[in-house]
């Protein structure tokens with residue numbers, strides 16, 4: 025994929041299916057939690073909460089994996105706000121259930137996203153890990 029096409033890629037797609045708002049990560053092969061993705065997740069939950077036609081919010085990802093952690097390029101350059109706490113707060117403030125639909129690898133920040141949701145459903149074979157612990161980052 026060319027750099028110009030990547031710069032215009034939407035990191036999170038919103039789909040309303042009946043009374044459920046789906047927030048679908050679509051940010052590349054590992055669905056890294058870059059600044060645009062973190063921002064879109066928090067905004068998506070707030071959007072679903074504000075919409076009276078939405079009864080539940082599902083967070084999922086396309087491709088072979090759920091959010092598999094931080095954007096390593098961004099880690100090298102320094103994380104820009106918002107952080108994942110904005111998403112966590114949006115989930116805590118929501119009166120509607122937020123559900124994580126998990127598959128593939130759920131690493132680092134992906135575990136935080138899953139934990140912030142009210143409910144988690146994992147496909148068979150889903151793997152979870154917090155590599156930050158082994159790297160001394162937590």
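Residue numbers (this note's numbering): 25 to 162. Note that the Cβ used here is the ideal one computed from N, Cα and C, for glycine as well. From a predicted model like this one, the values you see are computed outputs, not experimental measurements.
Residue i to residue j span [Cα, whole Å]
| i | j | result |
| --- | --- | --- |
| residue 115 | residue 149 | 26 Å |
| residue 103 | residue 94 | 9 Å |
| residue 55 | residue 46 | 16 Å |
| residue 26 | residue 64 | Caution applies to residue 26, whose pLDDT of 39 falls short of 50 and renders its modelled position unreliable; the value that the coordinates give is listed next. Approximately 23 Å between the Cα atoms of the pair. |
Bounding residues of the beta strand (DSSP E) (the contiguous stretch that carries residue i)
| i | result |
| --- | --- |
| residue 40 | 36-41 |
Exposure of residue i, with buried meaning 16 or more beta-carbon neighbours within 10 Å
| i | result |
| --- | --- |
| residue 49 | buried |
| residue 62 | buried |
| residue 34 | exposed |
C-beta contact flag for residue i and residue j at 8 Å
| i | j | result |
| --- | --- | --- |
| residue 105 | residue 132 | no |
| residue 44 | residue 79 | yes |
CB contact check: residue i to chain B, cutoff 8 Å
| i | result |
| --- | --- |
| residue 59 | Considering every chain present, this structure includes no chain B. It has just one protein chain. |
Reduced DSSP category for residue i - H, G, I as helix; E, B as strand; rest coil
| i | result |
| --- | --- |
| residue 45 | strand |
| residue 141 | coil |
| residue 135 | helix |
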